[in-house]
Amino acid sequence: MTANEILKLIPDSKLKFLAAETNVDHQVKKLTGATMFRLILFSMLNSNKASLRIMEGFYHSATFRALVGKETSTTKYNSIRDRITTIKSEYFQEIFYSVYDKFSSKLNESESLIRFDSTMVAISANLVDWGMKVGSKTNKKQLKYTIGMKGSLPCHVDIFKNQKELSEDKTIPEAIMNCIESKEGVVVFDRGVSSRKSFEKFTNSNIRFVTRVNTNIVYKEIKKRKVKQAKSNELLIKEDVSVYLKDRNNNWIDSSFRLIKAKMTDKKDIYFLTNIEDLSAEEIAAIYKKRWDIEVLFKFLKQELNLSHLVSRTENGIKVMIYMTLILAILIITYKKTNKLSGYKIPKLKFANDLESAIIKEIVILCGGQPSKMSHLFSDA
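Below, the structure is given as structure tokens:
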């Protein structure tokens, strides 16, 4: 698929429908929701580090004017800043979920595994009055994004900024419960989540999960399961037992779980915990191994889409930018997969170049070989 074909899967009609549904354009004439969506998207795509100044410059470019058609007025970076600060972030949230549904279907993403993890973004404590303080010797505060990934695409995000939300026991379970995909597949997360009550809550909510636990875990054995003594390239399953676990008050909780004990080829023990009964121990271990894919996604988001760069320091602006970052990620991943490309840097570059070529071609067609017909694209109206 070309970049232009991919963008056409987010039609103007959908943007207008969501704008009406969220009332994003109430008393707004110039920087409409659809205009801001395109402005942020293309500024992020065409810059290593999008900023308000870059958005201002791109707004006045011939490329952007050709893209939005009738929008030819001028604007300043502080107007863009104010609009990002106040625009309804729900509009971008709805676009994100719509884009995920559309492109997940387009890519035939049938995998039922949903990976969850968090990443932190640091900012000077002098610039914000919110955030998590990590350590006493730093002047930085941190913001946490907890993201869900289904198949190859991000499917959910929650933003956390309070000190009590520093623990993964707080944030990942909340994100899992908030994600509508969780009940339809298997969720997998790292051992940063250790709350037995969260494990029990997942089970009571019919959410199937796989995670790692520490090898010194305290448990009461219910029964042993038969283990197929087949050694994979990396793992030897030693035990598969049904167990009860204790909560933080040292009480046994009602739900039972499977504890799978295995040994790596480097002789290191590794324990998995799950509430799934109908898969083999080796299949459970294989599910956990796939958790690594979300680490690759985070690397892409940080290195190529500058997830750690905050254009806005307001909660609303941060929400707008994280949704836009994930939307752009979905578009680039789709381009990468449909064109059988590897890595992320080259697909992003090719996507941007492909789209620019399509816009230039459209300008040439519209002017019919007479540039004067399109002079409004190159002037400061």
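Residue numbers for the sequence shown follow my numbering, beginning at 3 and rising by one. We put the CB at the ideal spot given by N, CA and C, even for glycine.
Look at the Cβ atom of residue i, then the Cβ atom of residue j, and state whether they are nearer than 8 Å.
{"i": "G192", "j": "R293", "result": "One point to set straight first is that residue 192 is Asp, not Gly, in the sequence displayed. Yes; because the gap between Cβ atoms is below 8 Å, this pair is in contact."}
{"i": "L309", "j": "T327", "result": "yes"}
{"i": "L155", "j": "S106", "result": "yes"}
{"i": "V420", "j": "S91", "result": "Nothing about residue 420 can be read from this structure; the chain reaches only from 3 to 383."}
{"i": "K347", "j": "E306", "result": "yes"}
{"i": "I329", "j": "V101", "result": "yes"}
{"i": "K139", "j": "G187", "result": "no"}
{"i": "L460", "j": "S81", "result": "Shown here, the chain extends from 3 to 383; a query on residue 460 therefore has no answer."}
{"i": "R238", "j": "K270", "result": "At residue 238 the sequence reads Leu, which differs from the Arg that was named. Taking 8 Å as the Cβ cut-off, L238 and K270 do not qualify as a contacting pair."}
{"i": "S282", "j": "K230", "result": "yes"}
{"i": "L357", "j": "L9", "result": "yes"}
{"i": "F353", "j": "I324", "result": "no"}
{"i": "F274", "j": "A287", "result": "yes"}
Tell me the DSSP secondary structure of residue i in three-state form.
{"i": "V190", "result": "strand"}
{"i": "R214", "result": "strand"}
{"i": "L145", "result": "strand"}
{"i": "S197", "result": "coil"}
{"i": "A383", "result": "Residue placement at A383 cannot be trusted, given a pLDDT of 45 that sits under 50; what the coordinates show is reported in the next sentence. DSSP places A383 in coil when its eight states are reduced to three."}
{"i": "M323", "result": "helix"}
{"i": "M151", "result": "strand"}
{"i": "M57", "result": "helix"}
{"i": "K395", "result": "Nothing can be reported for residue 395, as the shown portion of the chain is limited to 3 through 383."}
{"i": "K363", "result": "helix"}
{"i": "K10", "result": "coil"}
{"i": "A21", "result": "helix"}
{"i": "K135", "result": "strand"}
{"i": "V26", "result": "coil"}
{"i": "N80", "result": "helix"}
{"i": "L328", "result": "helix"}
{"i": "T140", "result": "coil"}
{"i": "L4", "result": "In the sequence under discussion, the amino acid at residue 4 is Thr, which differs from the Leu named in the question. It is coil, neither helix nor strand."}
{"i": "S15", "result": "helix"}
{"i": "K292", "result": "coil"}
{"i": "Y2", "result": "Look at the range of the chain in this structure, 3 to 383, and you will see that residue 2 is not part of it."}
{"i": "E358", "result": "helix"}
{"i": "A52", "result": "coil"}
{"i": "N206", "result": "helix"}
{"i": "E317", "result": "helix"}
{"i": "E167", "result": "helix"}
Can you tell me where the beta strand (DSSP E) with residue i in it begins and where it stops?
{"i": "S120", "result": "115-126"}
{"i": "I2", "result": "Because residue 2 is not part of the residues shown, which for the chain are 3 to 383, the question remains open."}
Measure the C-alpha to C-alpha separation of residue i and residue j and round it to an integer number of angstroms.
{"i": "G150", "j": "P175", "result": "11 Å"}
{"i": "L379", "j": "T148", "result": "Low confidence applies to L379: its pLDDT is 47, below 50, so where it sits in the model is not reliable enough to give any reading."}
{"i": "E317", "j": "Y93", "result": "15 Å"}
{"i": "K18", "j": "T213", "result": "41 Å"}
{"i": "I42", "j": "A124", "result": "22 Å"}
{"i": "S200", "j": "T267", "result": "31 Å"}
{"i": "D103", "j": "F259", "result": "32 Å"}
{"i": "D119", "j": "S75", "result": "42 Å"}
{"i": "V225", "j": "E279", "result": "Checking the sequence, you will find Lys at residue 225 rather than Val. In a straight line, the C-alpha of K225 is about 13 Å away from that of E279."}
{"i": "Y246", "j": "S45", "result": "52 Å"}
{"i": "F302", "j": "F39", "result": "21 Å"}
{"i": "E167", "j": "C181", "result": "18 Å"}
{"i": "A383", "j": "R83", "result": "Low confidence applies to A383: its pLDDT is 45, below 50, so where it sits in the model is not reliable, and the reading given next is rough at best. Going by the C-alpha atoms only, they are around 21 Å apart."}
{"i": "M134", "j": "K142", "result": "9 Å"}
{"i": "I332", "j": "H28", "result": "29 Å"}
{"i": "R250", "j": "V220", "result": "11 Å"}
{"i": "K304", "j": "V189", "result": "23 Å"}
{"i": "A5", "j": "E23", "result": "27 Å"}
{"i": "Q95", "j": "Q144", "result": "22 Å"}
{"i": "N277", "j": "K203", "result": "11 Å"}
{"i": "P13", "j": "N164", "result": "37 Å"}
{"i": "S197", "j": "D171", "result": "6 Å"}
{"i": "V30", "j": "N208", "result": "44 Å"}
{"i": "K222", "j": "F162", "result": "35 Å"}
{"i": "T65", "j": "I362", "result": "8 Å"}
{"i": "S169", "j": "G194", "result": "8 Å"}
{"i": "V70", "j": "T37", "result": "7 Å"}
{"i": "G59", "j": "F211", "result": "47 Å"}
{"i": "E7", "j": "D131", "result": "43 Å"}
{"i": "T121", "j": "N128", "result": "21 Å"}
{"i": "E241", "j": "K291", "result": "18 Å"}
{"i": "H62", "j": "T77", "result": "8 Å"}
Specify, as a first and last residue, the run of the alpha helix (DSSP H) that residue i falls within.
{"i": "V386", "result": "The first residue shown for the chain is 3 and the last is 383, placing residue 386 beyond what the model contains."}
{"i": "G35", "result": "35-47"}
{"i": "Q95", "result": "91-108"}
{"i": "E1", "result": "Since the displayed the chain opens at 3 and closes at 383, residue 1 lies outside it and no answer follows."}
Under 7 Å from any heavy atom of the ligand HEM, does the C-beta of residue i make it?
{"i": "C181", "result": "For the ligand HEM, the structure offers nothing, since it holds no ligand at all."}
Next on the checklist: Ignoring anything shorter than 3 residues, give me the beta strand (DSSP E) runs that lie fully in the region 217-284, in order along the chain.
Outcome noted: Whole beta strand (DSSP E) segments, 3+ residues: 221-226, 237-248, 254-266, 271-276.
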